[in-house]
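Numbering of the sequence shown is given in this note's numbering, commencing with residue 2 and proceeding in unit increments. Here is the structure we will look at.
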Amino acid sequence: MKRQISTVQNYELVKKYFINSIIFLVICASNKAMSYTDVHRAFLQACSNHGTLSKQQALDILIGIYARFGDSDAIPNEDDLVNVVAKINERIYRFDQKIAYTHHEPTEMDFFVFVNLQESPIDLQQNFYTAAELHYFRVLLRELMLSEDHTLGSMVCLNLTNETAGDGMKAVAKPRAEQLLSEWEQLGYFLVLEDKCYFGPKAIVEFEKYLNKNYADVITRCCLCNVTIFYGVRCASCPQILHKDCLKKYLRRLTNCPACKQLWSVTL
């Protein structure tokens, strides 16, 4: 009888030890997965330096960072990229910063944008540009916002320098305006396609609050996701404009415009 009890006790001890070992391994794996490492720090630095990265650029950078700081030979994929960004955002949210993900309709590309949530984005540029140049930036935002399709011709953009004179400011020269447009395009604020200027992914993300506050009467929202929309697909039967991705998902189930209920006829 004593031997039987001893066997049962031994079994229970082994069972308890085994369960505790499993729990310990799970916790260790969880902590490892959740830890903030040099991979996250290096990727955050890259996003901060570039300001705007296409999804492919971001993945290429992450692959290089993994090769240097990763603890395995595994090559990161898009899921790893999403997880790294999510972990970084958990850490930097307290500083009113985030890495935002956005789909840019004019290029049909996805981007990661480093955003400061606290200060006015325009105020942040005061150390880099003159008052006239910052005013030129505001004028470009205003005219793009007020144009019907949120685009401006390249020559129209250059001619807007005439509005930068006054209040003791000298107008921005057109050669300088060309330099600024090129610089702001590289940073992701604007995009020039086929001689037309568009909002870039960084302007759409970083200035969403600014534009909603100052141009609330002309702001349009996609009726499917209720997010501010600048570029998309317009219904042939009504003024409604929708994000292409939202509309593709919607048309898998239904065939009518979600706004006017007429048969959808515009090719995507």
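The beta-carbon is built from N, C-alpha and C at its ideal position, and this holds for glycine as well.
Between residue i and residue j, how many whole angstroms is the CB-CB distance? I'm expecting something under 8 angstroms.
i	j	result
L272	L243	There is no way to answer for residue 272, as the model of the chain reaches only from 2 to 269.
G189	G52	6 angstroms
In the DSSP assignment, the beta strand (DSSP E) including residue i goes from what residue to what residue?
i	result
H104	Q98 to H105
D111	M110 to N117
L54	T53 to S55
Quick check on residue i: buried or exposed, where buried means 16 or more other Cβ atoms within 10 Å of its Cβ?
i	result
Y67	buried
T162	buried
V228	exposed
E195	exposed
G201	buried
F191	buried
A133	buried
V83	exposed
I205	buried
K88	buried
So if DSSP puts residue i in a beta bridge, which residue, or which two residues, is it bridged to?
i	result
T152	Y199
G167	M170
F191	F200
P82	The question names Pro, but residue 82 in the sequence shown is Leu. According to DSSP, L82 bridges with nothing at all.
L264	N257
V234	L243
R222	T229
Could you tell me the distance, in whole angstroms, from the CA atom of residue i to the CA atom of residue j?
i	j	result
R143	T108	22 angstroms
T165	F115	28 angstroms
Q186	D246	The sequence shown places Glu at residue 186, not Gln. Taking the straight line from one Cα to the other gives about 24 angstroms.
A101	V86	9 angstroms
E184	K203	13 angstroms
D111	S155	24 angstroms
A260	C236	9 angstroms
R95	S266	46 angstroms
N215	S73	49 angstroms
A59	E179	28 angstroms
L45	K99	10 angstroms
E106	L153	16 angstroms
V193	C158	11 angstroms
C258	I76	43 angstroms
T149	D97	Reading off the sequence, residue 149 comes out as Glu, not Thr. In a straight line, the C-alpha of E149 is about 33 angstroms away from that of D97.
L252	R222	18 angstroms
Tell me which residue opens and which closes the alpha helix (DSSP H) that residue i is part of.
i	result
L147	A132 to L147
D246	K245 to L252
L212	E209 to N215
Given 7 angstroms as the limit, tell me if residue i has its C-beta closer than that to any heavy atom belonging to the ligand HEM.
i	result
G169	No copy of the ligand HEM appears in this structure; indeed no ligand is present at all.
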